[in-house]
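J.: Order-wise, the sequence lines are chains A and B.
First residue of the first sequence: 3, per this note's numbering; consecutive thereafter.
First residue of the second sequence: 11, per this note's numbering; consecutive thereafter.
Every residue gets a Cβ at the ideal spot worked out from N, C-alpha and C, and that includes glycine.
The structure presented is a predicted model; accordingly, all values stated were derived computationally and were not measured.
Here you go, one structure.
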Amino acid sequence: MSRVIRAEEGEIFNIELAEDLLKANEVLAMKNKNLLSKHGIKAIDVMGSVGTGKTSLIGQIVYKLKENYRIAVIAGDLTTTIDADIIAKYGAEVIQINTGKECHLDANLIKKALKMIDLNKIDLLFIENVGNLICPAEFPLGSDKRIVIISLTEGPYMVVKHPFIFMKTDVVVINKMDLVDVLGVDVNKLEGDVNRVNPKANVVKVSCRNGMGIMNVIKALEL
Amino acid sequence: MHEFSITSQIVRSVLKEAEKRGAKGVLEVHLIIGKLTLLGIEQVKFSYKVLIEDTILEGSKLLIKRRSGKVKCERCGYEGPIKFKVDPISHISFPTLTCLKCNSTVTILEGRECTIKSIKLVM
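Right, dumping it as structure tokens:
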């Protein structure tokens, strides 16, 4: 006869759980990374505030690289397919994720999006994150490289006010350089801010509007 | 950020465990929250109070232990606390991901967790 221990009424039980709630996204991100690696696909996570030029940057890179790579883009936004429509015109396959009220993309959403792409038919993937410099820092997606794009129109304090996202990035793009004289933002100071927070990050100055600096971004991404 | 949604997950997890064991109430929930997560502890505590109302967790104590950041350098093998830098302009001390010994980039070993370590149930 098996012996069973049952709790008595009113007895107090101490249960060890060791359940890490933040680990789930990291585990999924790793799975995404392995899946992409298996298919020989390089993935780039593009982050930046609203209006800094994420879509324009991806569009410009797609336009310059579409003869060398088979490119897909996952575009994330709360609503609309505006970004997806713009990028599709540059020549890439695009999947739009509408996050609804969620302020960042997570590894689970990327996992679902990857199911909609024939991974045998692409070798380069861009993920355009939601326009937000705070939340995406905490949620790795499984990409090989991360870009953060800031714009001169945001003023001189974007890096010092949001250090965490810059700590975890490979390339920092400073966009709208065509407006540098009009805006009077000290670009050297901005570069210095990035170097202090993350000496390893590559800083590239661009104007997505006129195409200046895009080849340097491509070089910095090792594409 | 996202304290409310993480705390929701915590409450759901504990409820699931408590119901699985047929518990009548929950006395304590012990959390470990790493210092490298961007979670605001006060918001977690506040969200917890709100979320446990009308559940068997009502009246339970939420006890939070912090865990410091620990990193490993692939280049020189250093394992230990994270390096903090004081920004000369904003005077904010913030963590960096560079090695204390050789300034190479490090990987994070500890400090990014939000773990339910243990719970105390009344059967």
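(1) In the DSSP assignment, what residue or residues form a beta bridge with N16(A)?
(2) Thinking just about the alpha-carbon of each residue, which of R77(B), L110(B) and F14(B) is nearest to the one in E123(B)?
(3) Which runs of the alpha helix (DSSP H) at least 4 residues long sit entirely within the region 88-121 of chain B? Give them in chain order.
(4) Helix or strand or just coil, what does DSSP make of T82(A)?
(5) So S153(A) is in the beta strand (DSSP E); what residue range does that whole segment cover?
(6) What does the Cβ neighbour count give for V52(A), buried or exposed, with the cut at 16 atoms within 10 Å?
(7) Does T65(B) come within less than 8 Å of chain A when only Cβ atoms are used?
(8) Are the beta-carbon atoms of I99(A) and G144(A) separated by less than 8 Å?
(9) Which word fits F128(A), buried or exposed, when buried means at least 16 other C-beta atoms lie within 10 angstroms of its C-beta?
(10) On the DSSP letters alone, give me the boundaries of the beta strand (DSSP E) that L41(B) sits inside.
(11) Are the beta-carbon atoms of L41(B) and I62(B) separated by less than 8 Å?
(12) With C-beta atoms as the reference, is L67(B) less than 8 Å away from L25(B)?
(13) Can you pull the chain A residues whose beta carbon is under 7 Å from the beta carbon of R76(B), in chain order?
(14) Does the Cβ of G50(B) lie closer than 7 Å to at least one heavy atom of the ligand GTP?
(15) Could you check whether I17(A) and L131(B) sit closer than 8 Å to each other, using their CB atoms as the reference points?
(16) Closest to M133(B) by C-alpha separation, out of I16(B), A28(B), G121(B) and C109(B), would be which residue?
(17) For Q19(B), tell me which candidate among E84(B), V54(B) and L119(B) has the shortest Cα-Cα distance.
(18) Is the shortest distance between the beta-carbon of V314(A) and the beta-carbons of chain B less than 8 Å?
(19) Can you give me the C-alpha to C-alpha distance between V173(A) and A20(A), rounded to a whole angstrom?
(20) Go through its chain and collect everything with a Cβ distance to T182(A)'s Cβ below 7 Å, but skip five positions before and after it.
(21) Using beta-carbon positions only, say whether M169(A) and N212(A) come within less than 8 Å of one another.
(22) Under 8 Å between the Cβ atoms of V81(B) and I118(B)?
(23) Mind pulling the chain A residues with CB within less than 9 Å of E68(B)?
(24) Within its chain, find whatever has a CB closer than 7 Å to the CB of G61(A); leave out the 5 residues flanking it on each side and keep chain order.
(25) I'd like to check one pair, L110(B) with G90(B): are the Cβ atoms closer than 8 Å?
(26) Would the region 71-79 of chain A count as touching the region 105-122 of chain A if we require 3 or more Cβ pairs under 8 Å?
(27) Given a threshold of 16 other Cβ atoms within 10 Å of its Cβ, counted over all protein chains shown, does G48(B) qualify as buried or as exposed?
(28) Using only the alpha-carbon positions, how far apart do P105(B) and I149(A) sit?
(29) Going straight from the alpha carbon of C137(A) to that of I92(B), what length do you get?
(30) Leaving out the 5 sequence neighbours to the left and right, which residues in its chain are closer than 6 Å to L185(A) when beta-carbon positions are compared?
(31) Give the residues of chain A in contact with L48(B), contact being defined as C-beta atoms less than 7 Å apart.
(32) So, at 8 Å on beta carbons, what are the nonlocal neighbours of D180(A) in its own chain, with the 5 sequence-adjacent residues on each side left out?
(33) Can you find a CB in chain A that lies within less than 8 Å of the CB of C109(B)?
(34) Does chain A have any CB closer than 8 Å to the CB of E27(B)?
T.: The relevant details are as follows:
(1) The sequence position of residue 16(A) within the first sequence is 14, counting from 1. Note: N16(A) sits in a beta bridge opposite K130(B).
(2) Residue numbering aside, residue 123(B) sits at position 113 when the second sequence is read from its first letter. The shortest Cα separation from E123(B) among R77(B), L110(B) and F14(B) belongs to R77(B).
(3) none
(4) Within the first sequence, residue 82(A) is the residue found at index 80, counting from 1. Three-state DSSP puts T82(A) in coil, outside helix and strand.
(5) Translated into the one-based positions of the first sequence, residue 153(A) becomes position 151. Start and end: K147 to S153.
(6) What you label residue 52(A) is simply residue 50 of the first sequence in a count that begins at 1. Classification for V52(A): exposed.
(7) Sequence index remark: in the second sequence, residue 65(B) carries index 55 (1-based). No - not a single Cβ of chain A is within 8 Å of the one on T65(B).
(8) Numbered from 1 along the first sequence, position 97 holds the residue referred to as residue 99(A). Numbered from 1 along the first sequence, position 142 holds the residue referred to as residue 144(A). Going by C-beta atoms, I99(A) is not nearer than 8 Å to G144(A).
(9) Sequence index remark: in the first sequence, residue 128(A) carries index 126 (1-based). With 16 or more other Cβ atoms within 10 Å, it is buried.
(10) Position 31 of the second sequence, counting from 1, holds the residue named residue 41(B). G35 to G44 is the span of the beta strand (DSSP E), which, as asked, contains L41(B).
(11) Translated into positions along the second sequence, residue 41(B) becomes position 31. Translated into positions along the second sequence, residue 62(B) becomes position 52. Contact: no.
(12) Within the second sequence, residue 67(B) is the residue found at index 57, counting from 1. Within the second sequence, residue 25(B) is the residue found at index 15, counting from 1. The answer is yes: Cβ separation under 8 Å.
(13) Residue 76(B) sits at position 66 when you count from the first residue of the second sequence. By Cβ distance, chain A contributes nothing, its closest Cβ being about 14 Å from R76(B), past 7 Å.
(14) As far as ligands go, the structure on display features none, and thus does not contain the ligand GTP.
(15) Here residue 131(B) refers to the residue found at position 121 of the second sequence. Here residue 17(A) refers to the residue found at position 15 of the first sequence. Yes, Cβ-Cβ distance for L131(B) and I17(A) is below 8 Å.
(16) Numbered from its first residue, the second sequence carries residue 133(B) at position 123. Nearest option by C-alpha distance: A28(B).
(17) If you number the second sequence from 1, residue 19(B) lands on position 9. Per the Cα distances, V54(B).
(18) Because chain A is modelled from 3 through 225, residue 314(A) falls outside the range shown and cannot be assessed.
(19) Translated into the one-based positions of the first sequence, residue 173(A) becomes position 171. Translated into the one-based positions of the first sequence, residue 20(A) becomes position 18. Those two C-alpha atoms are separated by around 36 Å.
(20) In the first sequence, counting from the first residue as 1, residue 182(A) sits at position 180. According to the sequence as given, residue 182(A) is Val; it is not Thr. For V182(A), where only same-chain residues beyond five positions count, the Cβ hits under 7 Å are L154 and V189.
(21) Translated into the one-based positions of the first sequence, residue 169(A) becomes position 167. Translated into the one-based positions of the first sequence, residue 212(A) becomes position 210. Not closer than 8 Å, so no.
(22) To locate residue 81(B), count along the second sequence from 1; it is residue 71. To locate residue 118(B), count along the second sequence from 1; it is residue 108. Yes. Within cutoff.
(23) Numbered from its first residue, the second sequence carries residue 68(B) at position 58. The premise fails here: E68(B) is roughly 17 Å from chain A at the closest Cβ pair, so nothing lies under 9 Å.
(24) Here residue 61(A) is taken as the residue at index 59 of the first sequence, counted from 1. Within its own chain, the residues whose Cβ lies closer than 7 Å to the Cβ of G61(A), once the five positions on either side in sequence are excluded, are I88, I89 and Y92, listed in chain order.
(25) Position 80 of the second sequence, counted from the start, is the residue given in the question as residue 90(B). Position 100 of the second sequence, counted from the start, is the residue given in the question as residue 110(B). Yes; because the gap between Cβ atoms is below 8 Å, this pair is in contact.
(26) yes
(27) As a first step, residue 48(B) must be located in the second sequence, where it is residue number 38. Here residue 48(B) turns out to be Leu, not Gly, going by the sequence shown. L48(B) is exposed by the Cβ-count criterion.
(28) Taking the first residue of the second sequence as position 1, residue 105(B) is located at position 95. Taking the first residue of the first sequence as position 1, residue 149(A) is located at position 147. Using only the alpha carbons, I get a separation of about 20 Å.
(29) Position 135 of the first sequence holds residue 137(A). Position 82 of the second sequence holds residue 92(B). Each residue's Cα considered, the two are about 22 Å apart.
(30) If you number the first sequence from 1, residue 185(A) lands on position 183. Scanning its chain for C-beta atoms nearer than 6 Å, with the 5 sequence neighbours on each side dropped, one finds around L185(A) the residues L154, in chain order.
(31) For the purposes of this step, residue 48(B) is taken as the residue at position 38 of the second sequence. Those within 7 Å of L48(B) in chain A are E140 and F166.
(32) Here the question's residue 180(A) lines up with position 178 in the first sequence. Excluding sequence neighbours, D180(A) sits near S209, R211, N212 and M214.
(33) To locate residue 109(B), count along the second sequence from 1; it is residue 99. Using a CB distance cut-off of 8 Å, C109(B) does not count as an interface residue toward chain A.
(34) As a working note, residue 27(B) is residue 17 in the second sequence. Yes, contact with chain A.
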